[in-house]
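K.L.:
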Amino acid sequence: MIRLQNIHKAFGPKRVLEGFTLDVEEGETMVIIGYSGTGKSVAIKHIVGLLEPDAGEVWVDGLEVPALPRRELYKLRARIGYVFQFAALFDSFTIGDNVAMALRKQGALTEPEIRDRVAQALDLVDLPGVEHRFPAELSGGMRKRVGIARSIA
145 MIRLQNIHKA FGPKRVLEGF TLDVEEGETM VIIGYSGTGK SVAIKHIVGL
195 LEPDAGEVWV DGLEVPALPR RELYKLRARI GYVFQFAALF DSFTIGDNVA
245 MALRKQGALT EPEIRDRVAQ ALDLVDLPGV EHRFPAELSG GMRKRVGIAR
295 SIA
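The opening position of the sequence shown corresponds to residue 145 in the numbering used here, with each subsequent residue numbered one higher.
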């Protein structure tokens, strides 16, 4: 379960979240939509521990996210698939390396297993065979699908 309770977050004088509350039950699919600048990405970044709230609580599967040690936070992030706006790809990495980055960091798979997982994820988003290309060689929509493949892998 994911619970954001009465979250407040400001960046300087700009208050982005004011009393934001969200509950997502296990197995439930949730979509957050809204106008630009209304805090959608900020809310997601709280869930994965990239931001800490100024006030309020963030819980995922019974764990208080802001209180997690770094190692536990990495474990939590490995269990959650999320895609950043504009795909957040590293321009100097190939598509394959972008998708494989978290898998390599986790260290649980061999390199052949990682390559297989990357190929499967790219195939799922209809981008087979682009592992050796670079982000600049892809359209914006293709780059977004690479970001989705990374979250699937």
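Note that CB positions come from ideal geometry on N, CA and C, so glycine has one too. Here the structure is a predicted model, which means the values were calculated and not measured.
Excluding the five sequence neighbours on either side, which residues of its own chain have a C-beta within less than 7 Å of the C-beta of Val-204, listed in chain order?
P.N.:
Ile-146, Ile-191 and Leu-220, listed in sequence order.
K.L.:
Taking just the CA atoms, how far does Pro-210 sit from Glu-216?
P.N.:
Approximately 11 Å, taken between the alpha carbons.
K.L.:
Could you check if Gly-200 is buried or exposed, using at least 16 other CB atoms within 10 Å of its CB as the buried criterion?
P.N.:
Buried: at least 16 other Cβ atoms inside 10 Å.
K.L.:
In whole angstroms, give me the CA-to-CA distance for Ala-293 and Gly-284.
P.N.:
Roughly 14 Å separates the two Cα atoms.
K.L.:
Which partner residues of Leu-148 appear in the DSSP bridge assignment?
P.N.:
For Leu-148, which the question treats as bridged, DSSP gives the partners Leu-166 and Val-202.
K.L.:
Please list the terminal residues of the continuous alpha helix (DSSP H) segment that includes Arg-248.
P.N.:
Segment 239-250, the alpha helix (DSSP H) holding Arg-248.
K.L.:
Taking buried to mean at least 16 other C-beta atoms within 10 Å of its own C-beta, is Arg-289 buried or exposed?
P.N.:
Arg-289 should be labelled buried.
K.L.:
Is the beta carbon of Ala-187 less than 8 Å from the beta carbon of Leu-212?
P.N.:
No, they are not a contact pair.
K.L.:
Please report the Cβ distance between Lys-153 and Pro-197, rounded to the nearest whole angstrom; I am assuming they are in contact, meaning their Cβ atoms lie under 8 Å.
P.N.:
Contact flag correct, Cβ pair sits at about 6 Å.
K.L.:
Within the chosen definition, does the stretch 235-245 reach the stretch 164-180 through at least 3 CB pairs nearer than 8 Å?
P.N.:
With the cut-off at 8 Å, the stretch 235-245 and the stretch 164-180 do not touch.
K.L.:
Less than 8 Å between the C-beta atoms of Gly-183 and Val-160, yes or no?
P.N.:
Going by C-beta atoms, Gly-183 is nearer than 8 Å to Val-160.
K.L.:
Considering only C-alpha positions, which residue in the set Gly-171, Leu-194, Met-286 and Phe-155 is nearest to Gly-181?
P.N.:
Closest by alpha carbon: Phe-155.
K.L.:
Report back the beta-carbon spacing between Leu-271 and Arg-261 to the nearest angstrom; my notes put them in contact at under 8 Å.
P.N.:
Not quite, the Cβ-Cβ distance comes to about 14 Å (not below 8 Å), so this is no contact.
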